[in-house]
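**Student:**
Protein chains in written order, with our numbering: chain A, 228 to 651; chain B, 228 to 651.
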């Protein structure tokens, strides 16, 4: 029996130096996340975060479901599980994806810790340091962190109101191929994109798939918002029409609850097999409890009824934001009209900078995410507004405050420009 | 409104080639995991898996705790959380570690998806492809998978009954330093090691810390079993005596429930900061529900009473295994005497090969893990037996069957050697 006696102090040799890996030097705090603490101040209406509304999460039903899981299959739910994920849940995920036209087999599905882990695993499996990844510009902020952590070279392709511009995508692929560094994949959020709320149009979906296939480039379709559509029917996923060329990432974080951390990847079988191996060394397996809770919810509760409620709630908030924007914003400010999801992308008049304006916005009682966070460079004139978390009334109040901040910023700019002109 | 009409079939351009990253070619199915499906056959007593006993998991208490969490703090538990983990839980983890002599601050703690994810994140943050990692030989099988996935070069250091051999460790560090590739860290399971059940002795702990500090090499102390000690008191963690030089990994998987997937890393603050950033791009944040369940269990139930029950259960099973081994094993077979944890490491007589013997063992109704799984090479004469999952009666039955298998293998070997000798 060894006792708990402390070991005498070590000699005065210093602690070992921290020799981090090269990739670690590219891991820096994201501007966006740093803002969240500012946005959490009292009296600030936050249009910054992309969290789902607590009112849209089925908390009571999940409580009952968790009880049922522990009563009926507690020992299994609390034990280790398979790295690929619960087989019943993987079948149900195939049914969920069918709503967007995807025909998948459970063998192709991996359950992940949100779709963020799915993206990390896909990047891990495909990207060597220095490899190119093509994204929309702007794109999801934490995708950029993931690509940076894997030392990818990120090439942004321009978007317009109809999503990524096909010719620009083809040009980017051609340029990279000519350099001998063909893109490893094209990362896209084609439906209700984060941060713009835009949808890639049907004709463009066909064009984009065609361009990717001709260039021999895989598509990684990130789709956390697809089922939160404000029109009657969902959009058809890219994966539905090119299952061999598209890895599809999905999530229950926006529809059921982020706190369960259940997402997934659907990939061609040869890719899924590698993702499963990567999962094993990354975390052994996902939570049996969380997986079985989602599975039982899908199997015994009204998934479609729940989604309908959530859509209606987010549509009302979207409407509140768009109505108020139209009512109060000064000329020269424009914004996207999302048909689903959580976000509006706002463009300031030339001469204003959303990042420079941020401290004034916080003083003025409103928070947003500056556009620079969603780009590898540029984006100063843009900002992301989210209507998912605050109430409709808060959304309206936030937009009114933002309008005041923009007007003040513009007036201040005018004054500065005048001062410069008269040579102070 | 875009309809769900399928896009017409793409031209007959083939699907894109799968250009995996270099690291992915090193991701291959582990022999050990493949065995688990064989071991799951009916009529096979499995001494292979390292799962905790269902009888030792507080399923009823966890059910009540989850109810309380959802009733009292459902919206928070179901929402996104911080990448570093729940602040209350991180404080409680410091209290848990204090039992092994560690004085830590919550700022130094990161909550992870089991300690497996902690190890993956540490490796990600420190290891460039080709960097050296030093381990005990044998060592934890999935640590080897993690190091392979990060393209580390693994250098094994010999152990004896008292744990890793200090001189061999010093020699390995010196050799690597002389090659200009100093070890990034020494990965060790000093207490009730997986797979050997061995404990690094108190004097050796001092020696090992001294050697690592002089060589400027960080220690990664993986400690999932430390609180499952069969003696009266726990062992003092390496981290307790060299907090600036040791990253300590812990887990609730063996003590509370693997299905919650809650583990942690305690590291020097500069390392923790990088681990938090790596976590964010790897999965955003851990499950709020799982973290709050563990936190409430620790805060409102008898953690020490629960641990005492678990220790007693595992000690009984260990006793059953050791008694039966002593009663039935033929001469020439030896094994370790674990003072805690889940595992016994068995050595076969020269001439026998545990991997070759495995199909005969399955036929004979018993499963184990061949020693080769725990080494980068070698280990043929060894095998790991676990007493954690089967009942004491099953443990005894499994050991009796294993004895029969070894005797038959030996007799068959005798016959083969005779045939070879007479030149058939």
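Positions of the beta carbon are idealized from the N, C-alpha and C atoms, including for glycine.
Under 9 Å between beta-carbons, which chain B residues line up against residue 513 of chain A? List them in chain order, please.
**Tutor:** If you number the first chain from 1, residue 513 of chain A lands on position 286. 340 and 488, listed in chain order.
**Student:** How about residue 608 of chain A: is its C-beta nearer than 9 Å to some C-beta of chain B?
**Tutor:** Start at 1 with the first residue of the first chain, and residue 608 of chain A comes out as number 381. Among the residues facing chain B, residue 608 of chain A is not included, as its CB has no counterpart in that chain under 9 Å away.
**Student:** Based on Cα-Cα distance, which residue from A/587, A/418, A/299 and A/386 lies nearest to residue 448 of chain A?
**Tutor:** Taking the first chain and counting its residues from 1, one reaches residue 448 of chain A at position 221. Comparing Cα-Cα distances from residue 448 of chain A to each of A/587, A/418, A/299 and A/386, the minimum goes to A/418.
**Student:** Just confirm the distance between the C-beta atoms of residue 278 of chain B and residue 485 of chain B, as a whole number of angstroms; I'd bet it's less than 8 Å.
**Tutor:** Along the second chain, read from residue 1 onward, the residue named residue 278 of chain B stands at position 51. Along the second chain, read from residue 1 onward, the residue named residue 485 of chain B stands at position 258. Confirmed, Cβ separation roughly 7 Å.
**Student:** Give the C-beta separation of residue 562 of chain A and residue 552 of chain A to the nearest angstrom, bearing in mind that I take them to be a contact with Cβ-Cβ under 8 Å.
**Tutor:** Indexing the first chain from 1 puts residue 562 of chain A at position 335. Indexing the first chain from 1 puts residue 552 of chain A at position 325. About 6 Å separates the two Cβ atoms, so the contact holds.
**Student:** Are residue 445 of chain B and residue 243 of chain A close, meaning C-beta to C-beta below 9 Å?
**Tutor:** Here the question's residue 445 of chain B lines up with position 218 in the second chain. Here the question's residue 243 of chain A lines up with position 16 in the first chain. Cβ atoms of residue 445 of chain B and residue 243 of chain A: closer than 9 Å.
**Student:** Enumerate in chain order the residues of its own chain whose CB-to-CB distance from residue 308 of chain A is below 6 Å, with the five nearest sequence positions on each side excluded.
**Tutor:** Residue mapping note: residue 308 of chain A aligns to position 81 of the first chain, counting from 1. Same-chain partners within the cutoff: 512 and 515.
**Student:** Determine, for residue 421 of chain B, whether the minimum Cβ-Cβ distance to residues of chain A falls below 9 Å.
**Tutor:** As a working mapping, residue 421 of chain B is identified with position 194 in the second chain. No, residue 421 of chain B lies away from the interface with chain A (no Cβ there is under 9 Å from its Cβ).
**Student:** Once the 5 residues before and after residue 606 of chain A are set aside, which same chain residues still bring their CB inside 7 Å of it?
**Tutor:** Within the first chain, numbered from 1, the residue matching residue 606 of chain A stands at position 379. Within the same chain, residue 606 of chain A has close Cβ partners 365, 598 and 599.
**Student:** Chain B beta carbons: is any one of them nearer than 9 Å to that of residue 322 of chain A?
**Tutor:** Along the first chain, read from residue 1 onward, the residue named residue 322 of chain A stands at position 95. False, the Cβ-Cβ gap to chain B never drops below 9 Å.
**Student:** What does DSSP give as the partner residues of residue 589 of chain B in its beta bridges?
**Tutor:** Position 362 of the second chain, counted from the start, is the residue given in the question as residue 589 of chain B. In the DSSP output, where bridge partners are listed per residue, residue 589 of chain B has none listed.
**Student:** Distance check for residue 349 of chain B and residue 249 of chain B, CA to CA, integer angstroms please.
**Tutor:** Looking up residue 249 of chain B in the second chain gives position 22. Looking up residue 349 of chain B in the second chain gives position 122. If I take the Cα positions, the gap works out to 20 Å.
**Student:** If you count every other CB in all the chains shown that lies within 10 Å of the CB of residue 646 of chain A, and 16 or more means buried, which is it?
**Tutor:** Numbered from 1 along the first chain, position 419 holds the residue referred to as residue 646 of chain A. Exposed, since its Cβ has fewer than 16 Cβ neighbours within 10 Å.
**Student:** Let me know if residue 557 of chain B comes out buried or exposed under the rule of 16 or more other beta-carbons within 10 Å of its beta-carbon.
**Tutor:** Counted from its first residue, the second chain places residue 557 of chain B at position 330. Of the residues assessed, residue 557 of chain B falls on the exposed side of the cut-off, its CB having fewer than 16 other CB atoms within 10 angstroms.
**Student:** Between B/456, B/635 and B/388, which lies nearest to residue 587 of chain B when the distance is taken from Cα to Cα?
**Tutor:** As a working mapping, residue 587 of chain B is identified with position 360 in the second chain. Checked all of B/456, B/635 and B/388; the closest Cα to residue 587 of chain B is B/635.
**Student:** Taking 7 Å as the limit between beta carbons, can you name the residues of its chain near residue 584 of chain B, skipping five residues before and five after?
**Tutor:** Sequence index remark: in the second chain, residue 584 of chain B carries index 357 (1-based). Within the same chain, residue 584 of chain B has close Cβ partners 632 and 636.
**Student:** Determine which residues share a DSSP beta bridge with residue 639 of chain B and list them.
**Tutor:** Your numbering for residue 639 of chain B matches position 412 in the second chain. According to DSSP, which records beta bridges pairwise, residue 639 of chain B is partnered with nothing at all.
**Student:** Per DSSP, which one or two residues make a beta bridge with residue 448 of chain B?
**Tutor:** Looking up residue 448 of chain B in the second chain gives position 221. Paired residue(s): B/415 and B/475.
**Student:** Using a Cβ cut-off of 8 Å, pull out every chain B residue sitting near residue 369 of chain A, in sequence order please.
**Tutor:** Counted from its first residue, the first chain places residue 369 of chain A at position 142. Within 8 Å Cβ-Cβ: 507, 508 and 511.
**Student:** Measure the alpha-carbon distance for residue 460 of chain B versus residue 423 of chain A and round it to whole angstroms.
**Tutor:** What you label residue 460 of chain B is simply residue 233 of the second chain in a count that begins at 1. What you label residue 423 of chain A is simply residue 196 of the first chain in a count that begins at 1. Those two C-alpha atoms are separated by around 58 Å.
**Student:** I'd like the span of the beta strand (DSSP E) that includes residue 610 of chain A, first residue to last.
**Tutor:** For the purposes of this step, residue 610 of chain A is identified with residue 383 of the first chain, where counting begins at 1. Unbroken beta strand (DSSP E) run through residue 610 of chain A: 609 to 613.
**Student:** How big is the Cα-Cα spacing for residue 613 of chain B and residue 547 of chain B?
**Tutor:** Taking the first residue of the second chain as position 1, residue 613 of chain B is located at position 386. Taking the first residue of the second chain as position 1, residue 547 of chain B is located at position 320. Looking at the two C-alpha atoms, the distance is approximately 12 Å.
**Student:** On the DSSP bridge assignment, give the partners of residue 363 of chain B in chain order.
**Tutor:** As a first step, residue 363 of chain B must be located in the second chain, where it is residue number 136. For residue 363 of chain B, which the question treats as bridged, DSSP gives the partners B/384.
**Student:** Helix, strand or coil for residue 575 of chain B per DSSP?
**Tutor:** Position 348 of the second chain, counting from 1, holds the residue named residue 575 of chain B. The answer is coil: DSSP assigns residue 575 of chain B none of H, G, I, E or B.
**Student:** Report yes or no: is there a C-beta of chain A within less than 9 Å of the C-beta of residue 228 of chain B?
**Tutor:** By 1-based counting over the second chain, the position of residue 228 of chain B is 1. Here residue 228 of chain B scores only 40 on pLDDT, less than 50, and its place in the model should not be relied on; the value that follows carries that caveat. Closer than 9 Å: yes.
**Student:** Which same chain residues, not among the five before or five after residue 505 of chain A, have their C-beta less than 8 Å away from its C-beta?
**Tutor:** In the first chain, residue 505 of chain A corresponds to position 278, counting from 1. So the list reads 348, 351 and 352, once near-sequence residues are dropped.
**Student:** Mind checking residue 270 of chain B: buried by the 16 CB within 10 Å criterion, or exposed?
**Tutor:** As a first step, residue 270 of chain B is located in the second chain; it is residue number 43 there, counting from the start. Counting Cβ neighbours within 10 Å, residue 270 of chain B comes out exposed, since fewer than 16 surround it.
**Student:** Anything in chain B within Cβ reach of residue 311 of chain A, meaning under 7 Å, just list it in chain order.
**Tutor:** On the first chain, position 84 is the one that residue 311 of chain A refers to. Within chain B, no residue comes near residue 311 of chain A; the closest Cβ sits about 11 Å away, beyond 7 Å.
**Student:** Give me the chain A residues within the contact set of residue 344 of chain B, using Cβ-Cβ distance strictly less than 7 Å, ordered along the chain.
**Tutor:** Translated into the one-based positions of the second chain, residue 344 of chain B becomes position 117. In chain order: 509 and 510.
**Student:** For the stretch 323 to 360 of chain A, list the beta strand (DSSP E) runs that are entirely contained and at least 3 residues long, ordered along the chain.
**Tutor:** 336 to 340
**Student:** Looking only at C-alpha atoms, which of A/565, A/566, A/611 and A/554 sits nearest to residue 582 of chain A?
**Tutor:** One-based indexing of the first chain puts residue 582 of chain A at position 355. Cα-wise, what sits closest to residue 582 of chain A is A/611.
**Student:** Rounded C-beta distance between residue 322 of chain A and residue 338 of chain A? I'm assuming under 8 Å.
**Tutor:** In the first chain, residue 322 of chain A corresponds to position 95, counting from 1. In the first chain, residue 338 of chain A corresponds to position 111, counting from 1. Between residue 338 of chain A and residue 322 of chain A the Cβ distance is about 14 Å, and since that is not below 8 Å, they are no contact.
**Student:** What residue does the beta strand (DSSP E) around residue 490 of chain A start on, and which one ends it?
**Tutor:** Along the first chain, read from residue 1 onward, the residue named residue 490 of chain A stands at position 263. Note, residue 490 of chain A: beta strand (DSSP E), 489 to 493.
**Student:** Distance, Cα to Cα, residue 651 of chain A vs residue 630 of chain A?
**Tutor:** In the first chain, the residue the question calls residue 651 of chain A occupies position 424. In the first chain, the residue the question calls residue 630 of chain A occupies position 403. Residue placement at residue 651 of chain A cannot be trusted, given a pLDDT of 49 that sits under 50; what the coordinates show is reported in the next sentence. Rounded to the nearest angstrom, the two C-alpha atoms are 29 Å apart.
**Student:** Have a look at residue 230 of chain A and residue 377 of chain A and give me their C-alpha separation to the nearest angstrom.
**Tutor:** Sequence index remark: in the first chain, residue 230 of chain A carries index 3 (1-based). Sequence index remark: in the first chain, residue 377 of chain A carries index 150 (1-based). Confidence is the limiting factor: at residue 230 of chain A the pLDDT is only 45, short of 50, which leaves the residue's position unreliable and the question unanswerable from this model.
**Student:** If you draw a straight line from the alpha carbon of residue 204 of chain A to that of residue 491 of chain A, how long is it in whole angstroms?
**Tutor:** Here chain A has residues from 228 to 651 only, and residue 204 of chain A is not among them.
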